[in-house]
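Participant:
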Amino acid sequence: MDSTISEPDARVPLGAAADTGLKIVIVGGFGVGKTTLVRSVSEIRPLNTEEVMTQAGVGIDENAKVSEKNTTTVAFDFGRISLNDRMVLYLFGAPGQERFWFLWDRLFSGTLGAVVLVDTRRVADSWYAIDRLEHHGTPFVVAVNRFSDAASHSLEELREALSLSDDVPMLECDARQRESSKSVLIGLVNHLYDLSMAREMTP
Amino acid sequence: MIRRPVDLGDPDRLYIVTGGRHRTDDTSFDLVTLIVSECEPTPGMQSEHVRILELCRRPTAVVEVSAELKLPVTVTRILLGDLLATGRITARHPRPAPARHALPDSALLKQVLDGLHNL
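If you read the sequences in order, they're chains A and B.
Per the numbering used here: the first sequence = residues 3 to 205.
Per the numbering used here: the second sequence = residues 129 to 247.
1) Where does Ile-28(A) fall in DSSP's three states?
2) Return the chain-ordered list of same chain residues with a C-beta closer than 6 Å to the C-beta of Leu-91(A), the five sequence neighbours on each side being excluded.
3) Taking the alpha-carbon positions, what's the Ile-180(B) to Ser-165(B) distance?
4) If we ignore side chains and look at the alpha-carbon of each, how far apart do Val-40(A) and Ser-194(B) end up?
5) At the level of alpha carbons, what is the spacing between Met-203(A) and Val-203(B)?
6) Once DSSP output is grouped into helix, strand and coil, what is the label at Ala-163(A)?
7) Suppose you measure from the CA of Glu-100(A) to the CA of Gly-81(A); what does that come to, to the nearest Å?
8) Alpha carbon to alpha carbon, what distance is there between Gly-243(B) and Leu-119(A)?
9) By the three-class DSSP mapping on this structure, what secondary structure does Asp-79(A) have?
10) Count the other CB atoms within 10 Å of the CB of Asp-158(B); is the residue buried (16 or more) or exposed (fewer)?
11) Against chain A, does His-245(B) count as a neighbour if the rule is that its beta carbon must be under 8 Å from one of theirs?
12) Report buried or exposed for Gly-147(B), applying the criterion of at least 16 other Cβ atoms within 10 angstroms of its Cβ.
13) Since Ser-194(B) meets chain A, which of its residues come closer than 7 Å, beta carbon to beta carbon?
14) What residue range does the beta strand (DSSP E) around Ile-163(B) cover?
15) Classify Ala-20(A): buried if its beta carbon has 16 or more other beta carbons within 10 angstroms, exposed otherwise.
16) Taking only the alpha-carbon atoms, compute the straight-line gap between Val-145(B) and Ser-182(A) and give it to the nearest angstrom.
17) Quickly, what does DSSP pair Thr-140(A) with across the bridge? List them, please.
18) Just to confirm, is the Cβ distance from Leu-231(B) to Ser-198(A) under 8 Å?
19) I'd like the span of the alpha helix (DSSP H) that includes Met-173(B), first residue to last.
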């Protein structure tokens, strides 16, 4: 957060031995705190870029709106965490709205998993993202960003509001806090690890 | 009419940097493929290529190259393809994406967890 002003051009290069890039996607509605979360754990100031999607790449989400337009530009931001000498984790903040969803197959394939960041005042913003993640079979956790939460709902109330099955972990966080954001990522990877172990145990 | 897909923002610039090309094998560079320069820029080289070779003296992900060049990922891939084809860069690809509904192996995830705990 503090590095935003000082030395905006300073790049922090990876170590020479880095050879394995990994991805985690943070998905949620506008203003829910995706960039805040990325910034709080990233070792670089979050960067942003864009991808130009052509109609041919739209695939299953093709609809009337899209067919009027041959290209769509989607901006996204990302941060980076060096896990060890060789492994680098990239965190992508991705909009969860319906019209962006065609991005997923193209851009975020191979993601380890996803964090759905939820604002309790706009729970409905998360429905579509959760639906698509389930459809894609992408493992995810739901993190409730409490920074703005005046009237606090219990996680169980939210689980019900989101129609979330019991096996999807729910976490609370304050995306502005590094330790809190870190614990969200650990929560996701723990979940992935449990799923993976369970899979490997199954004959 | 066939429209160029890369026709947003500053179309002339995008057209020029790619030499008018707009197709690339999208599977060749993942967003997190790490690019490493194998040589120094030479005089007369296209400025974007020079910039990439400078950026990638240390491993740099495709998405970072794109952000630093302020060019869409699609265009960046085309430029990287040029450099790869002429041996000026090498690419360290991520592990192949697990099949749909598959999971990464637990040994890899354990390393990720250890890395996160050590932050």
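Glycine included, each C-beta is placed from N, C-alpha and C at the ideal position.
Facilitator: The relevant details are as follows:
1) As a first step, residue 28(A) is located in the first sequence; it is residue number 26 there, counting from the start. Under the three-state reduction of DSSP, Ile-28(A) is assigned to strand.
2) Here the question's residue 91(A) lines up with position 89 in the first sequence. If we look at Leu-91(A) and ignore the five residues flanking it on each side, its Cβ neighbours are Leu-24, Ile-83 and Leu-85.
3) Numbered from 1 along the second sequence, position 52 holds the residue referred to as residue 180(B). Numbered from 1 along the second sequence, position 37 holds the residue referred to as residue 165(B). Rounded to whole angstroms, Ile-180(B) to Ser-165(B) spans 8 Å at the Cα level.
4) The residue you call residue 40(A) lines up with position 38 of the first sequence. The residue you call residue 194(B) lines up with position 66 of the second sequence. For Val-40(A) and Ser-194(B), the distance between alpha carbons rounds to 18 Å.
5) Along the first sequence, one-based indexing puts residue 203(A) at 201. Along the second sequence, one-based indexing puts residue 203(B) at 75. Answer to the nearest angstrom: the Cα atoms are 44 Å apart.
6) Taking the first residue of the first sequence as position 1, residue 163(A) is located at position 161. Ala-163(A): helix per DSSP, three-state reduction.
7) Stepping through the first sequence from its first residue, residue 100(A) is reached at position 98. Stepping through the first sequence from its first residue, residue 81(A) is reached at position 79. For the pair Glu-100(A) and Gly-81(A), the Cα-to-Cα distance works out to about 23 Å.
8) Counted from its first residue, the first sequence places residue 119(A) at position 117. Counted from its first residue, the second sequence places residue 243(B) at position 115. Rounded to whole angstroms, Leu-119(A) to Gly-243(B) spans 22 Å at the Cα level.
9) Here residue 79(A) corresponds to residue number 77 of the first sequence, with the count starting at 1. Asp-79(A) carries a strand assignment under DSSP once its states are collapsed to helix, strand and coil.
10) Indexing the second sequence from 1 puts residue 158(B) at position 30. That one is buried.
11) Locating residue 245(B) in the second sequence gives position 117, where the first residue counts as 1. Yes, because at least one Cβ of chain A sits closer than 8 Å to the Cβ of His-245(B).
12) For the purposes of this step, residue 147(B) is taken as the residue at position 19 of the second sequence. Residue burial is scored here from C-beta neighbours: Gly-147(B) has fewer than 16 other C-beta atoms within 10 angstroms and is therefore classed as exposed.
13) By one-based count along the second sequence, residue 194(B) stands at place 66. Under the 7 Å cutoff, chain A gives Thr-51.
14) Along the second sequence, one-based indexing puts residue 163(B) at 35. Where Ile-163(B) is concerned, the enclosing beta strand (DSSP E) stretches over 162 to 165.
15) As a working mapping, residue 20(A) is identified with position 18 in the first sequence. Counting Cβ neighbours within 10 Å, Ala-20(A) comes out buried, since at least 16 surround it.
16) Mapped onto the second sequence, residue 145(B) falls at position 17. Mapped onto the first sequence, residue 182(A) falls at position 180. In this structure, the alpha-carbon of Val-145(B) lies about 42 Å from that of Ser-182(A).
17) As a position in the first sequence, residue 140(A) is number 138, starting the count at 1. Residue pairing of Thr-140(A) in beta bridges, as defined by DSSP: absent, with no partner found.
18) Taking the first residue of the second sequence as position 1, residue 231(B) is located at position 103. Taking the first residue of the first sequence as position 1, residue 198(A) is located at position 196. Closer than 8 Å, so yes.
19) If you number the second sequence from 1, residue 173(B) lands on position 45. According to the DSSP assignment, Met-173(B) belongs to no alpha helix (DSSP H), since it is labelled neither H nor E.
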